[in-house]
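Engineer: Handing you this structure, nothing more for now.
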Amino acid sequence: MGAVETSETDCVVVGGGPGGMMLAYLLARNGVRVTLLEGAGDFEREFRGDTLSPAVLDLLGALGLADAVLELPHAKATGLTWHARGRDYKLLDYGAASRDHPFMAILSQSRFLEFLATRAGRFAGFELRFSARVNRLLRSDDGRVCGVGYRAGGIEHEVRAPLVVGADGRFSVLRRLAEIPSRECGVGNDLLWLRVPRYKDSDPWLCGFDLFSDERGLGSALNHDTHWQIGYAIPVGSVEQARARGVEPIKAFIHNTLPWLDERAAELTDFDQLKLLSIRITMLERWWLPGLLLIGDAAHVISPVGGYGIGLAVADAVEASNVLHPILAGRHADPSQDADGARALDEACALIEARRRPVVEDRQRFQERLEARNARARAKGMKAAMAAVAKGKQPKGGGPRPIRVERLQGALPVLRRRVGTRATKAIRMPRPILVAAPESVRPVNQASAADVAA
Ligand SMILES: Cc1cc2nc3c(=O)[nH]c(=O)nc-3n(C[C@H](O)[C@H](O)[C@H](O)COP(=O)(O)OP(=O)(O)OC[C@H]3O[C@@H](n4cnc5c(N)ncnc54)[C@H](O)[C@@H]3O)c2cc1C
Numbered sequence: 043m044g045a046v047e048t049s050e051t052d053c054v055v056v057g058g059g060p061g062g063m064m065l066a067y068l069l070a071r072n073g074v075r076v077t078l079l080e081g082a083g084d085f086e087r088e089f090r091g092d093t094l095s096p097a098v099l100d101l102l103g104a105l106g107l108a109d110a111v112l113e114l115p116h117a118k119a120t121g122l123t124w125h126a127r128g129r130d131y132k133l134l135d136y137g138a139a140s141r142d143h144p145f146m147a148i149l150s151q152s153r154f155l156e157f158l159a160t161r162a163g164r165f166a167g168f169e170l171r172f173s174a175r176v177n178r179l180l181r182s183d184d185g186r187v188c189g190v191g192y193r194a195g196g197i198e199h200e201v202r203a204p205l206v207v208g209a210d211g212r213f214s215v216l217r218r219l220a221e222i223p224s225r226e227c228g229v230g231n232d233l234l235w236l237r238v239p240r241y242k243d244s245d246p247w248l249c250g251f252d253l254f255s256d257e258r259g260l261g262s263a264l265n266h267d268t269h270w271q272i273g274y275a276i277p278v279g280s281v282e283q284a285r286a287r288g289v290e291p292i293k294a295f296i297h298n299t300l301p302w303l304d305e306r307a308a309e310l311t312d313f314d315q316l317k318l319l320s321i322r323i324t325m326l327e328r329w330w331l332p333g334l335l336l337i338g339d340a341a342h343v344i345s346p347v348g349g350y351g352i353g354l355a356v357a358d359a360v361e362a363s364n365v366l367h368p369i370l371a372g373r374h375a376d377p378s379q380d381a382d383g384a385r386a387l388d389e390a391c392a393l394i395e396a397r398r399r400p401v402v403e404d405r406q407r408f409q410e411r412l413e414a415r416n417a418r419a420r421a422k423g424m425k426a427a428m429a430a431v432a433k434g435k436q437p438k439g440g441g442p443r444p445i446r447v448e449r450l451q452g453a454l455p456v457l458r459r460r461v462g463t464r465a466t467k468a469i470r471m472p473r474p475i476l477v478a479a480p481e482s483v484r485p486v487n488q489a490s491a492a493d494v495a496a
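So the sequence shown is numbered by my numbering: it starts at 43 and just counts up by one.
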């Protein structure tokens, strides 16, 4: 290795997604020096989770940031509605989830991350480095993780810190480098994504986050105000077969379920216009090692079904900040250099995992059951299953539990209660602990009162 540029900080966070960005913001606001390393050159990204649930919005409210975030272009989803056989079934009502934010904001993740980075930049201890794709863990003589390494601009960089937080997403490099064993849970579907323009004046009103099904399949439509993000489910691992069939089955599905999009769906002529989201649900044996903590998708990949991923990553970040900042803030010496400090850090990481793991695994198991049921339905043939469901019969040889569509209306209060309770439980947000204004706050003229006062 040639020249190495070395720096040191209190905490290095790898990955500037919702989890890493929120953690870096909260730590910086609580007086911790934090360096955020993001592998990409900027925050621009398409087809990522673009939803902020009522619980995340309430958290932003508690941080004094909600009003400013909601000034960014966004659409509001009032609930989750399933449209099947010409009827609409409201499964989730966000109105019940929050007094201040009774909706889910559909807002570009890129703009949200940019916003958080700008706010974090008001605190002197915060540093953000783009194009910093981490590829090495640094370890001390006793095997403790004590920093990370990456190559940028032809130079090797090392950032040393008492704690490294891996928030580097579903394909986490840090998880792989740390050799933490993981288990892939079964999933039944992958998703193909398509973006089409939204005509505000003529498109029908949907509730913002809508599911559609016919005898051909299952899809979703997310209202991004300026465009629709359409998802189409295919059996897991079957993208090559889907490619061979081409775009016609998807156009036929859109024609059946969203006929007012026909003209715009005609623009879909090439399979490469679709983006594949391979759904994964991954559980890890543990979320931390001495000197290293994983949060967000790096610790627990979750399927996009239900829109939990961002909420869970942000909740991990809040919990991590609450537990870690008293240990990391305002230190002149590296706490991991003495036995007591190292033990305190290890206990903090164990505590974060203990608090967050049950909530996350509850969601993952729920999704695993859902995926298994979908896979059984698909194996039996969606058409046969739908016909059997309509007759209130169990399809031969097993298959999905029969629900008479006509009877679903009557069962809705129970269904809503069950789905709603789960959803609320899943996204309950820890309360952020904020200390008095650290001396390191940069005097920025336009800083909001809440930012500086906290
Ligand atoms: C197509 C799609 C749609 C989704 N829809 C929703 C939705 O509607 N609602 C919802 O709640 N969730 C949704 N999700 C899931 C959600 O986006 C994730 O759960 C969430 O973003 C996880 O946040 P995170 O911070 O843990 O990781 P990520 O958002 O994945 O961020 C990880 C970051 O780490 C960076 N990185 C990776 N490797 C390195 C490295 N070696 N060095 C430095 N940086 C690195 C990446 O560039 C990235 O910026 C969706 C996901 C996808 C893919």
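Idealized CB from N, CA, C, for every residue including glycine. Note that the structure is a prediction, hence the values are computed from the model and not measured.
Which same chain residues end up closer than 6 Å to residue 210 when comparing Cβ atoms and leaving out the 5 residues on each side of it in sequence?
Structural biologist: 56, 57, 216 and 340
Engineer: Assuming residue 134 and residue 234 make a contact with CB atoms under 8 Å, what is their CB distance in whole Å?
Structural biologist: About 24 Å separates the beta carbon of residue 134 from that of residue 234, a gap too long to meet the 8 Å contact definition.
Engineer: Does the beta carbon of residue 99 fall short of 7 Å from some heavy atom of ligand 1?
Structural biologist: no
Engineer: Residue 79 and residue 174: beta carbons closer than 8 Å?
Structural biologist: Contact: yes.
Engineer: Report the three-state DSSP secondary structure of residue 72 (helix, strand or coil).
Structural biologist: coil
Engineer: Can you grab the Cα-Cα spacing for the pair residue 149 / residue 291, in whole Å?
Structural biologist: 29 Å
Engineer: I believe residue 406 touches residue 325 by the beta-carbon criterion, under 8 Å. Please report the beta-carbon distance rounded to the nearest angstrom.
Structural biologist: 6 Å
Engineer: Take every Cβ of the region 187–205, pair it with every Cβ of the region 105–119, and state whether three or more of those distances are shorter than 8 Å.
Structural biologist: no
Engineer: Can you find the residues in the same chain that come closer than 8 Å, C-beta to C-beta, to residue 306, ignoring five residues on each side of it along the sequence?
Structural biologist: These residues qualify, in order along the chain: 238 and 239.
Engineer: Near residue 256, which residues of its chain fall below 6 Å by C-beta distance, leaving aside the five closest residues on each side in sequence?
Structural biologist: 298 and 299
Engineer: Just curious, the alpha helix (DSSP H) that residue 363 is in, first and last residue?
Structural biologist: 351–370
Engineer: Rounding to the nearest angstrom, what Cα-Cα distance links residue 345 and residue 295 in this structure?
Structural biologist: Spanning the two alpha carbons is a distance of roughly 22 Å.
Engineer: For residue 181, collect the residues of the same chain with a Cβ closer than 7 Å to its Cβ; drop the 5 residues on either side in sequence, then sort them by chain order.
Structural biologist: 187 and 188
Engineer: Which ranges does the alpha helix (DSSP H) cover as unbroken runs of at least 4 residues, wholly within the region 88–138, from first to last along the chain?
Structural biologist: If we require 4 residues or more, the alpha helix (DSSP H) runs fully inside the region 88–138 come out as 96–104 and 108–111.
Engineer: Excluding the 5 residues preceding and the 5 following residue 272 in the sequence, name in chain order all residues of the same chain whose CB lies nearer than 6 Å to its CB.
Structural biologist: 236 and 263
Engineer: So is residue 109 buried or exposed if we call it buried at 16+ other beta carbons inside 10 Å?
Structural biologist: exposed
Engineer: Roughly how many angstroms separate the alpha carbons of residue 400 and residue 342, rounded to a whole number?
Structural biologist: 11 Å
Engineer: Out of 274, 336, 337 and 323, which one is the CA nearest neighbour of residue 313?
Structural biologist: Residue nearest to residue 313 within the set 274, 336, 337 and 323 is 274 (criterion: CA-CA distance).
Engineer: Report all residues from its chain with a CB closer than 6 Å to the CB of residue 96; omit the five preceding and five following residues, and keep chain order.
Structural biologist: Only 136, 139, 140 and 143 meet the Cβ criterion.
Engineer: If you measure from the CB of residue 311, is any heavy atom of ligand 1 nearer than 7 Å?
Structural biologist: Judged by the Cβ position, residue 311 fails to qualify as a neighbour of ligand 1 at the 7 Å threshold, every heavy atom of the ligand being at least this far.
Engineer: Put residue 59 into one of helix, strand or coil per three-state DSSP.
Structural biologist: It is coil, neither helix nor strand.
Engineer: Near residue 367, which residues of its chain fall below 8 Å by C-beta distance, leaving aside the five closest residues on each side in sequence?
Structural biologist: Excluding residues within five positions, the ones whose Cβ falls inside 8 Å are 68, 69, 72, 73, 74, 475 and 477.
Engineer: Of the choices 334, 204, 176 and 412, whose alpha-carbon is the least far from that of residue 82?
Structural biologist: 176
Engineer: Indicate, with yes or no, if ligand 1 has a heavy atom lying under 7 Å from the CB of residue 497.
Structural biologist: Lying outside 43 to 496, the shown extent of the chain, residue 497 is not represented and no answer is given.
Engineer: Where does the unbroken alpha helix (DSSP H) through residue 156 begin, and where does it stop?
Structural biologist: Per DSSP, residue 156 belongs to the alpha helix (DSSP H) from 151–162.
Engineer: Can you give me the Cβ contacts of residue 414 inside the same chain, cut-off strictly under 8 Å, excluding the 5 residues immediately before and after it?
Structural biologist: Taking C-beta separations shorter than 8 Å and ignoring five residues to either side along the sequence, the partners of residue 414 in its chain run 228 and 230, following chain order.
Engineer: Between residue 248 and residue 281, how many whole angstroms is the CB-CB distance? I'm expecting something under 8 Å.
Structural biologist: At roughly 27 Å, the Cβ-Cβ gap does not stay under 8 Å, so residue 248 and residue 281 are not in contact.
Engineer: Consult DSSP for residue 268 and reduce its assignment to one of helix, strand or coil.
Structural biologist: coil
Engineer: Which same chain residues end up closer than 6 Å to residue 122 when comparing Cβ atoms and leaving out the 5 residues on each side of it in sequence?
Structural biologist: Taken in chain order, the residues that qualify are 133, 134 and 251.
Engineer: Comparing alpha-carbon positions, which option in 112, 116 and 59 lies nearest residue 90?
Structural biologist: 59
Engineer: Any idea what DSSP makes of residue 471, helix, strand or coil?
Structural biologist: coil
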